[in-house]
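**Q**
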Amino acid sequence: MQELENISPENQFCVNVMKIDKAIRFAGILCKCGRLKAYRRKKGMIPHLSVPETKLVHREALLKAKMNRVFDQKLGKTNWSVESRDNVKWITVNIDKDLLLLSTERSSNHDMIVQQIISLVQTWPKQTA
3 MQELENISPE NQFCVNVMKI DKAIRFAGIL CKCGRLKAYR RKKGMIPHLS
53 VPETKLVHRE ALLKAKMNRV FDQKLGKTNW SVESRDNVKW ITVNIDKDLL
103 LLSTERSSNH DMIVQQIISL VQTWPKQTA
């Protein structure tokens, strides 16, 4: 297990997100170019997607977030979104220039999870790049 004093702020943020609810399967921070900066996966959880499929999902989430900006002037900035599928819920939360991507069980209370993430974001050090 990784030493907590050597963990990056982004990885620690993912650890804290995972503690919000047992229904969270995965928490990852995507940079603006779509690369995974940090992530945590629920212990013992078997991913639904292969590595290439996971990378594709990350790109799709980033593309959707970028496409939503088209409407920012009239509708306001997208703060978060949720997509419900047959097997999981995908939740994305905009954090400065990055995107937090979550996979949860379908039964999860996504509104409660998002509200707690927003509280965590407010205490997380702002990014400087």
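Going by the working numbering, 89 is the number at position 87 of the sequence shown; the sequence numbering is gapless. Just so you know, even glycine gets a beta-carbon here, dropped at the ideal spot from N, CA and C.
#1: At which residues does the beta strand (DSSP E) containing D100 begin and terminate?
#2: Please determine, among V84, L77, I119, V123, the residue with the shortest C-alpha to C-alpha distance to W109.
#3: CA-CA distance, E5 and W92?
#4: Output the boundary residues of the beta strand (DSSP E) element that contains A29.
#5: Using the beta-carbon count (16 or more within 10 Å), is M47 buried or exposed?
#6: For E85, which beta-bridge partners are listed by DSSP?
#7: Can you tell me whether DSSP reads K39 as helix, strand or coil?
**A** Reading off the structure:
#1: 100-106
#2: What sits at residue 109 in the sequence shown is Ser, not Trp. Checked all of V84, L77, I119, V123; the closest Cα to S109 is V84.
#3: With a pLDDT of only 48 at E5, under the threshold of 50, the placement of this residue in the model should not be trusted, and no figure is reported.
#4: 26-32
#5: exposed
#6: W92
#7: strand
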